[in-house]
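Quick note on my numbering: the sequence shown kicks off at 15 and runs consecutively. Don't be surprised by glycine CBs; every beta carbon is placed ideally from N, CA and C. The block underneath contains the structure these notes are about, expressed in structure tokens.
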Amino acid sequence: MTVEPLLILTHDDALARRWEGLSGDWKVVRGTDLSALADWGADGPRLVLLDGQMPGLPAWQDAGWPARLSGVALLVGLGTADDQTGAAVLQAGAGGFCHVYAPLPTVRQALQVVASGELWVGRDLLTRLLRMLDDRPAPQAAAAAWARGLTQREREVAELASLGEANDAIAERLGITARTVKAHLSTVFDKLDVADRLQLALRVHGIR
Numbered sequence: 015m016t017v018e019p020l021l022i023l024t025h026d027d028a029l030a031r032r033w034e035g036l037s038g039d040w041k042v043v044r045g046t047d048l049s050a051l052a053d054w055g056a057d058g059p060r061l062v063l064l065d066g067q068m069p070g071l072p073a074w075q076d077a078g079w080p081a082r083l084s085g086v087a088l089l090v091g092l093g094t095a096d097d098q099t100g101a102a103v104l105q106a107g108a109g110g111f112c113h114v115y116a117p118l119p120t121v122r123q124a125l126q127v128v129a130s131g132e133l134w135v136g137r138d139l140l141t142r143l144l145r146m147l148d149d150r151p152a153p154q155a156a157a158a159a160w161a162r163g164l165t166q167r168e169r170e171v172a173e174l175a176s177l178g179e180a181n182d183a184i185a186e187r188l189g190i191t192a193r194t195v196k197a198h199l200s201t202v203f204d205k206l207d208v209a210d211r212l213q214l215a216l217r218v219h220g221i222r
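Here it is, written out as structure tokens:
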């Protein structure tokens, strides 16, 4: 069985030793700055664990991140995994974020999720992040594009779900059953090719 490679990027030797504990699941390779990303994704999607506290790291709002992350599935370790920073990390093109010193089982699970093409955000941050996304004005082109192919009811359900509303609350608001809401969401996920409510929210709000 082939062991997939994992690039860990950190200047911190102690953190590198900690993350090297993931070597049972991946072939761990270490880099100490962003130059190590240059060829990492050239042969197809490859997994990266980045220390978000590295000196000299560009701001997450920097326009160069999409090019840097081409062919890369990225999980970022943050010193403070607050909502605003987390949203910026996702907008830059990362697949998720966690605390830089999160327990290794949590990091391992997060990496597995990111490697599968899904997004990883701590459960305690999810609802607040969805609410925060609602405060961002979505670009008009993106606002029109995301709903193409959806029925009016599917769009209504998607918009409410993207705000973190539970199925029961959506059902009550729209005058339908929670079972119908679940069916609509399943259809929406398939049509928009998203895996969960966070991915849906990012699509609705024009981030991904």
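- Terminal residues of the alpha helix (DSSP H) in which Pro80 lies: For the purposes of this step, residue 80 is identified with residue 66 of the sequence shown, where counting begins at 1. Residues Trp79 to Arg82.
- Task: May I ask you to report which of helix, strand or coil DSSP gives Gly35?
- Result: Taking the first residue of the sequence shown as position 1, residue 35 is located at position 21. Gly35 falls in the helix class under three-state DSSP.
- Closer than 7 Å by C-beta to Val195: which residues in its own chain qualify, once you throw out the five before and the five after it? Chain order, please. Indexing the sequence shown from 1 puts residue 195 at position 181. Excluding sequence neighbours, Val195 sits near Val171, Asn181, Ile184 and Ala185.
- Message: Using a Cβ-Cβ cutoff of less than 6 Å, which residues in the same chain neighbour Leu20 once the five nearest sequence positions on both sides are dropped?
- Response: Position 6 of the sequence shown, counted from the first residue, corresponds to residue 20. Spatial neighbours of Leu20 in its own chain (CB-CB distance under 6 Å, excluding positions within 5 residues in sequence) are listed in chain order as Trp40, Val42 and Leu61.
- Item | Contact set for Arg217: own chain, Cβ-Cβ below 7 Å, skip 5 residues either direction | As a working note, residue 217 is residue 203 in the sequence shown. Cβ contact annotation for Arg217 (same chain, cutoff 7 Å, sequence separation greater than five): Trp160, Leu206 and Val208, in chain order.
- Message: Contact defined as beta carbons within less than 8 Å: I believe Gly109 pairs with Leu89. What is the distance between those atoms, to the nearest angstrom?
- Response: Along the sequence shown, one-based indexing puts residue 109 at 95. Along the sequence shown, one-based indexing puts residue 89 at 75. That pair is a contact at about 6 Å.
- Task: Output yes or no for whether 8 Å exceeds the beta carbon distance between Ala102 and Trp134.
- Result: Walking along the sequence shown from the start, residue 102 turns up at place 88. Walking along the sequence shown from the start, residue 134 turns up at place 120. Remark: C-beta atoms of Ala102 and Trp134 do not approach each other more closely than 8 Å.
- Can you round the beta-carbon distance between Leu63 and Ile22 to whole angstroms, since I take them to be within the 8 Å contact cut? As a working note, residue 63 is residue 49 in the sequence shown. As a working note, residue 22 is residue 8 in the sequence shown. Between Ile22 and Leu63 the Cβ distance is about 5 Å, and since that is below 8 Å, they are a contact.
- Query: So what does DSSP say about Arg162, is it helix, strand or coil?
  - Reply: Taking the sequence shown and counting its residues from 1, the one referred to as residue 162 is at position 148. For Arg162, the three-state secondary structure derived from DSSP is coil.
- Query: In its own chain, which residues sit with a C-beta less than 7 Å from the C-beta of Trp54, not counting the 5 before and 5 after it?
  - Reply: Here residue 54 corresponds to residue number 40 of the sequence shown, with the count starting at 1. Answer for Trp54: Leu21, Arg60, Val62 and Val86, listed in chain order.
- Message: Quick check on the burial criterion: 16 or more other C-beta atoms within 10 angstroms. Buried or exposed for Val17?
- Response: As a first step, residue 17 is located in the sequence shown; it is residue number 3 there, counting from the start. Val17 comes out exposed.
- Item | Residue environment, Gln154, which counts as buried when at least 16 other CB atoms sit within 10 Å | On the sequence shown, residue 154 is found 140 positions in, with the first residue counted as 1. In this predicted model, Gln154 has a pLDDT of only 47, less than 50, meaning its place in the structure is not dependable; the value taken from the coordinates is given anyway. Counting Cβ neighbours within 10 Å, Gln154 comes out exposed, since fewer than 16 surround it.
- DSSP beta-bridge partners for Arg60? What you label residue 60 is simply residue 46 of the sequence shown in a count that begins at 1. Paired residue(s): Val86.
- Between which two residues does the beta strand (DSSP E) harbouring Val43 extend? Working through the sequence shown from its first residue, we reach residue 43 at position 29. Bounds of the beta strand (DSSP E) holding Val43 are Lys41 to Gly45.
- Given Arg169, which residues of its chain have a CB within under 6 Å of its CB, disregarding the five upstream and five downstream residues? In the sequence shown, residue 169 corresponds to position 155, counting from 1. When the five nearest sequence neighbours on each side are left out, the beta carbons in the same chain lying within less than 6 Å of the beta carbon of Arg169 are those of Ala161, in order along the chain.
- Query: Closest to Gly163 by CA distance: which of Leu188, Phe203 and Val128 is it?
  - Reply: Against the sequence shown, residue 163 aligns to sequence position 149. A check of alpha carbon separations from Gly163 across Leu188, Phe203 and Val128 identifies Phe203 as the nearest.
- Would you call the CB atoms of Leu118 and Asp65 closer than 8 Å? Against the sequence shown, residue 118 aligns to sequence position 104. Against the sequence shown, residue 65 aligns to sequence position 51. Going by C-beta atoms, Leu118 is not nearer than 8 Å to Asp65.
- Taking C-alpha atoms, which residue in Gly178, Val114, Ala81 and Arg82 lies nearest to Asp96? By one-based count along the sequence shown, residue 96 stands at place 82. Closest in alpha carbon position to Asp96, among Gly178, Val114, Ala81 and Arg82, is Val114.
- Query: Helix, strand or coil for Asp27 per DSSP?
  - Reply: On the sequence shown, residue 27 is found 13 positions in, with the first residue counted as 1. In the structure shown, Asp27 adopts helical secondary structure according to DSSP, grouped into three states.
- Task: Might you give, ordered along the chain, the residues of its own chain that have their beta carbon closer than 6 Å to the beta carbon of Ala156, omitting 5 neighbours on each side?
- Result: Sequence index remark: in the sequence shown, residue 156 carries index 142 (1-based). Residue placement at Ala156 is flagged as unreliable, the pLDDT there being 47, under the threshold of 50; a coordinate-derived value is accordingly withheld.
- Item | Limits of the beta strand (DSSP E) - the one that His113 falls within | Taking the first residue of the sequence shown as position 1, residue 113 is located at position 99. Run containing His113: Gly110 to His113, per the beta strand (DSSP E) assignment.
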